[in-house]
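In UniProt numbering, the protein residues as written are 1 to 579. Virtual Cβ for every residue (Gly too), placed ideally from N, Cα, C. Since this is a predicted model, take the numbers as computed values, not measurements. Below: the structure, in structure tokens.
Take a look at the structure:
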């Protein structure tokens, strides 16, 4: 090829490439941005988190609280339960007079346009320092119950089905006191009722709460001791006895075979798809844990061999929140963990055969998170394009760094990342709404389409600040399919079920979890975004316990109730037409 011919070839191809890039940029520019607006007060949700910081800056006061969506009255609309903090003085004097604003709160959803505080009417006053909340129907009566993990005595609120709850933690045997954090429901033994995993953080209480310091010389500041200098507390696995009581099976289940670790976030997922629920824990300043269920009542920690204990560099991090979902469309469940300031959050991609790969940098999530401290996190489809997007609530845990001659921002901006076809995440926070341009002390977060408009919304707890409800205003022709599972042979909540959705364009995998994010619980529904023009062909539910069924919904369906026993039975070893 002559020099002239080569140059002409190069120029022509450069023009074509530039044209393609321009067209791509044009298409991206023409996308309607994912957008949210903060509307809590306009809905009547006036919850204000209350955690007065002590002079010694005790650590628990910075960790904040979670929240959970639940349809407590079965009217078809998701209600909102908010965990509250407490002052040091009120914790020392639990019998003192309390204002209702210092209690955990239940807000009843009135057809998606208004919420009302029904805490007293529902008999749900709780004045402890509440951390995590898990929603599940532990007695299979059809009404969701509430478990609250406190710094102090834990609570189990039994839904009586008449709009009220009864606190039965002591009677049920699940009221262990301590420095609790996350919690989740899961039927680990596949006997048809929900068991309970309670995550604990540190082994200390109000009478045994060491205080350390940071800084040096005249700039030394007293603060709560760093977790690495304090003893950790063991987590607890409670087995449901099907009679309203639970027993501690942690020792028998192998959960005490290694030293206790400072746990915060948890998800229960059948990671190896063997039909038995596993547990993944985000731990603080120590390696994370992946407890794999052997189907015989025992667990082994396979975090190290699976690649989920530490990051790609072999370094453990300070895990806070955890989200699980299929981020790349390969029909396996991946993991995302929020971490500490000057670390990066970590995305573990499931490679199959119980092996995960840290792909944080490849997916564009390393640099945006290095100078953030993440807590709540959610993998959800914000624009209904069939790909799980990512929300992260950020905020530091110490406010005294300037006086200690350190410079790390206390309040921080939350982040929203759009999933680009399972290949990378794009930070779209700047165009996602006013909330994302402001700094906050984000903590727990949870997803619900609370107003039934076909878009997943977010609720976010903030430390010592009003609760945030982010209404999804994204404009798109894509649509959302909402699926509610009701177990009959398996647990009534359907927790642990795997759901495969097949359209004429793609296949999707969802899993029903008993909690997620940081100390929080999403709505009971499973949400699946469907691009405009796609046609649903089949939905297969793999129920806990081993049975599978298929449904063939109407193409215009947007909300489905999948009752176990009403679908087409799929024999063992087959996944139906979706296979």
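Leaving aside the five residues before and after residue i along the sequence, list all residues of the same chain whose C-beta is less than 7 Å from its C-beta, in chain order.
i	result
residue 366	344, 360
residue 303	287, 288, 289, 290, 309
residue 44	114, 115, 116
residue 150	128, 129, 130, 131, 180
residue 279	197, 266, 268, 291
residue 65	49, 83, 84, 85, 130, 131, 443, 444, 461, 519
residue 504	534, 535, 537
residue 8	For residue 8, the predicted structure reports a pLDDT of 43, less than 50, and the residue's modelled location is therefore unreliable. The matter cannot be settled from this model.
residue 561	484, 486
residue 581	The structure shown does not extend to residue 581, since the chain spans only 1 to 579, so no value can be given for it.
Below 8 Å CB to CB, which residues in the same chain sit around residue i once its five sequence neighbours on both sides are set aside?
i	result
residue 166	123, 157, 158, 160
residue 546	190, 275, 572
residue 388	325, 326, 327, 379, 380, 381, 419
residue 530	384, 386, 478, 479, 480, 481, 503, 536
Indicate the three-state DSSP secondary structure (helix, strand or coil) for residue i in the structure shown.
i	result
residue 100	helix
residue 476	coil
residue 590	Past the boundaries of the shown model lies residue 590; the chain is included only from 1 to 579, so the question cannot be answered.
residue 185	strand
residue 420	strand
residue 266	strand
residue 436	helix
residue 466	strand
residue 299	strand
residue 23	With a pLDDT of 41 at residue 23, under the threshold of 50, the modelled position of this residue cannot be trusted; read the value that follows with caution. Residue 23: helix per DSSP, three-state reduction.
residue 36	strand
residue 239	strand
residue 488	coil
residue 250	coil
residue 147	strand
residue 360	coil
residue 65	coil
residue 41	helix
residue 445	strand
residue 482	strand
residue 407	coil
residue 312	coil
residue 256	coil
residue 562	strand
residue 280	strand
residue 228	helix
So is residue i buried or exposed if we call it buried at 16+ other beta carbons inside 10 Å?
i	result
residue 564	buried
residue 251	exposed
residue 572	exposed
residue 569	exposed
residue 155	buried
residue 89	exposed
residue 582	Nothing can be reported for residue 582: it is not among the residues displayed for the chain, which extend from 1 to 579.
residue 583	With the chain running from 1 to 579 in the structure shown, residue 583 is simply not present.
residue 274	exposed
residue 525	buried
residue 442	buried
residue 369	buried
residue 256	exposed
residue 421	exposed
residue 227	buried
residue 544	buried
residue 242	exposed
residue 21	Low per-residue confidence applies at residue 21: pLDDT is 41, beneath 50, and the placement is therefore not dependable, though the value from the model is reported in the following sentence. So residue 21 ends up on the exposed side.
residue 581	This structure leaves residue 581 out entirely; the chain is present only between 1 and 579.
residue 147	buried
residue 439	exposed
Taking only heavy atoms of the ligand NAD into account, decide whether any of them is closer than 7 Å to the Cβ of residue i.
i	result
residue 182	No copy of the ligand NAD appears in this structure; indeed no ligand is present at all.
Starting from the C-beta of residue i, find all residues in its chain whose C-beta is less than 6 Å away, skip the five residues before and the five after it, and write them out in chain order.
i	result
residue 487	494, 564
residue 300	292
residue 415	392, 429
residue 201	179, 181, 262
residue 249	237, 239
residue 559	482
residue 153	175, 177
message: Tell me whether the segment 291 to 302 and the segment 326 to 335 touch, counting them as touching only if at least three CB pairs, one residue from each stretch, are closer than 8 Å.
response: The segment 291 to 302 makes no contact with the segment 326 to 335, as fewer than three CB pairs between them are under 8 Å.
task: Tell me the start and end of each unbroken beta strand (DSSP E) in the UniProt domain "ASPIC/UnbV" (494 to 552) that is at least 3 residues and wholly inside, in chain order.
output: Taking only runs of at least 3 residues, the beta strand (DSSP E) segments lying wholly in the UniProt domain "ASPIC/UnbV" (494 to 552) are 498 to 503, 507 to 511, 526 to 530, 536 to 542, 548 to 551.
message: Please give the ranges of any beta strand (DSSP E) in the segment 328 to 357, keeping only runs that are unbroken, at least 3 residues long and fully inside the region.
response: The segment 328 to 357 contains these whole beta strand (DSSP E) runs: 334 to 337, 346 to 352.
- prompt: What are the complete beta strand (DSSP E) segments, minimum 3 residues, inside the segment 366 to 396?
  reply: As far as the segment 366 to 396 is concerned, its whole beta strand (DSSP E) runs of at least 3 residues are 374 to 380, 389 to 394.
query: Okay, do the segment 459 to 478 and the segment 31 to 40 touch, 3+ Cβ pairs below 8 Å being the bar?
result: The answer is yes - the segment 31 to 40 touches the segment 459 to 478, with three or more Cβ pairs under 8 Å.
- request: Could you tell me whether the segment 448 to 455 touches the segment 495 to 503, where touching means 3 or more Cβ pairs closer than 8 Å?
  value: Cβ pair count under 8 Å is below three, so no.
task: Jot down the residue ranges of each uninterrupted beta strand (DSSP E) in the segment 154 to 214, minimum 3 residues, whole runs only, in chain order.
output: For the segment 154 to 214, whole beta strand (DSSP E) runs of length 3 or above, ordered along the chain, are 155 to 159, 165 to 167, 177 to 186, 195 to 200, 211 to 214.
query: Taking the runs of the beta strand (DSSP E) that are 3 residues or longer, which of them lie wholly in the segment 84 to 140?
result: Segments of the beta strand (DSSP E) lying fully in the segment 84 to 140: 105 to 110, 114 to 117, 129 to 136.
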